[in-house]
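Notes to accompany the following structure.
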Amino acid sequence: MATISRYQTASGATLYRVRYRTPDHRQTDKRGFRTKRDAEAFAASVEVKKLTGEFIPGNGGRVTVAERATAWLARK
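The numbering of the sequence shown is our numbering, which starts it at 4 and goes up by one.
Now the structure itself:
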């Protein structure tokens with residue numbers, strides 16, 4: 004279950020932060036939502052992706068080809 008909280012920026016703008024747990028039980032957050040409705044929509048999409056197994060962590064795209072190649076070559 005995600006939580007949504009409001010915060011103030013240095014310029015005085017009010018934004019929203021979504022805190023949630025990844026499938027491996029680590030807490031993370033995403034912030035900068037201009038409306039609470041946007042934050043709620045993001046939180047709902049994260050929960051659906053976790054339930055359907057489609058969740059990809061934010062740093063999932065930072066894996067290099069060299070890191071993937073070893074496991075791929077072992078399966079070939």
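By construction, the Cβ of each residue, glycine as well, lies at the ideal position given by its N, Cα and C atoms.
Residues bridged to residue i [DSSP beta-bridge criterion]
i   : result
D32 : R22
R78 : Answer is none; R78 lacks a bridge partner.
Span separating the alpha-carbon of residue i from that of residue j
i   : j   : result
Y10 : R40 : 15 Å
Q30 : L76 : 33 Å
A47 : L18 : 18 Å
S14 : F36 : 15 Å
V66 : G56 : 19 Å
K53 : T25 : 8 Å
F58 : A69 : 23 Å
Counted within 10 angstroms of its Cβ, other Cβ atoms place residue i as buried (16 or more) or exposed
i   : result
V84 : It is not possible to answer for residue 84, since the shown part of the chain is limited to 4 through 79.
V21 : buried
A42 : buried
Worksheet item: In the segment 32-73, which residue ranges form an unbroken alpha helix (DSSP H) of at least 4 residues, counting only runs that do not cross its ends?
Response: 39-55
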